[in-house]
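Here the structure comes first, spelled out in structure tokens, and everything after it is commentary.
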Amino acid sequence: MLKKNQKTAVLPFYGKTAVILATGTLLATSFAHSASAAVLTFDITGINNFDSLNSPSFAGYGDRITSFTNGIFSYGSAGGLTPNVVVDYPNNRTLWWSLEYGNLTNVIYAEESGTSILDVTLTADPGFEVVLDSFDLAGWRGDYTINSVQVLSGGTSVFSQSNVFISGTTRTSFNTSNLGSLAASTLTIRFDAANLGSDSDNIGLDNIQFSQRSTTPPPVRTSEPSALVAISAVAGIATFLKRARKDR
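Mind the numbering: the sequence shown is residues -37 to -1, 1 to 211 in mature numbering (1 follows the signal peptide of the UniProt record, and there is no 0), read in order.
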């Protein structure tokens, strides 16, 4: 029996909670996956209106982003880098333009009047996947309605919208609120403005924000400082509880 002024050595609820928290810290340390994001803003030093993204001078924009400024290429810093993703512009007439597509600056568009279908493909290395966060479309000097906007995973459509209104004064944005959560080893953004005829090149694409994430959990490495701290915490709490029981 405890004496009147003797303090209780064991607080079971808090002791158990501490064990759970410490164990949770260890699990989180062992299985956490890193996520990073980049934005293709098409800020390229030395590029001019009508220049192609597939020309030798500008090819590679968006590939394996390890710095927000890399030579003549600049990117938006939405939260991280994407060193395990490459970007392709399959249409050889994917061109660059500076102004007047809504309120966007520095956009790409498809110079294929009458048959304008623009693709941008994001491909992750093995062991990773691409997560598409958002992108913007805008019209050149006016509003338009185009055939469709799609996101494809391989050849399968994972997002599709028809008769899409494109703002020429601001922008029409696609993000998680309308795209949902899109992740795959390969994702292709595609818009079809062929219905505009000779004006089909008046739709510009900008601000492609995407991220990468690992598809395999990293091995548990007990040599990590945070893991060692968690293990020490669990061992220390267990020792404290054992001694406390003896003191009852």
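Note that beta-carbon positions come from the ideal geometry of N, C-alpha and C, so glycine has one too.
Exposed or buried, which one is residue i when buried takes at least 16 other CB atoms within 10 Å?
i, result
"Ser140", "exposed"
"Pro19", "exposed"
"Asn54", "buried"
"Asn66", "exposed"
"Gly25", "buried"
"Thr57", "buried"
"Asn69", "buried"
"Thr133", "exposed"
"Thr108", "exposed"
"Thr4", "buried"
"Thr8", "exposed"
Look at the alpha carbon of residue i and the alpha carbon of residue j, and state the distance between them as a whole number of angstroms.
i, j, result
"Gly90", "Ile71", "30 Å"
"Val127", "Leu150", "20 Å"
"Thr(-9)", "Ser174", "Model confidence at Thr(-9) stands at a pLDDT of 34, short of 50, so the residue's coordinates are unreliable and nothing is read from them."
"Ser37", "Val112", "26 Å"
"Ser130", "Asp169", "13 Å"
"Tyr52", "Asp164", "16 Å"
"Gly34", "Asn47", "19 Å"
"Asn110", "Ile80", "10 Å"
"Asn12", "Thr119", "33 Å"
"Ser116", "Ser148", "8 Å"
"Thr135", "Asp14", "24 Å"
"Ser61", "Gln124", "27 Å"
"Thr178", "Gly105", "42 Å"
"Asp6", "Pro180", "35 Å"
"Ile10", "Arg176", "31 Å"
"residue 217", "Leu85", "Given that the chain is displayed from residue -37 to residue 211, the structure contains no residue 217 and the question cannot be resolved."
"Asp162", "Arg153", "17 Å"
"Ser40", "Arg27", "14 Å"
I'd like to know whether the C-beta atoms of residue i and residue j end up nearer to each other than 8 Å.
i, j, result
"Trp103", "Glu63", "yes"
"Leu44", "Thr32", "no"
"Ala156", "Ile166", "yes"
"Val93", "Ala146", "yes"
"Val83", "Val50", "yes"
"Ala(-1)", "Asp88", "no"
Assuming residue i contacts residue j (C-beta within less than 8 Å), just tell me the rounded distance between them.
i, j, result
"Val114", "Leu142", "7 Å"
"Trp59", "Leu16", "6 Å"
"Phe98", "Phe122", "No, Phe98 and Phe122 are not in contact; Cβ-Cβ is about 11 Å, not under 8 Å."
### Task
Note down, one range per segment and in chain order, each beta strand (DSSP E) of at least 3 residues found wholly within the segment 62 to 94.
Note on the segment 62 to 94: whole beta strand (DSSP E) runs with a minimum of 3 residues are 70 to 73 and 80 to 87, in chain order.
### Query
Enumerated in chain order, which unbroken segments of the alpha helix (DSSP H) with a length of 4 residues or greater are wholly contained in the segment 30 to 55?
Runs of the alpha helix (DSSP H) lying entirely within the segment 30 to 55, each at least 4 residues long, are absent.
### Query
What beta strand (DSSP E) runs, 3 residues minimum, are completely inside the segment 87 to 163?
Qualifying beta strand (DSSP E) stretches, in chain order: 91 to 102, 107 to 116, 119 to 129, 135 to 137, 145 to 147 and 149 to 155.
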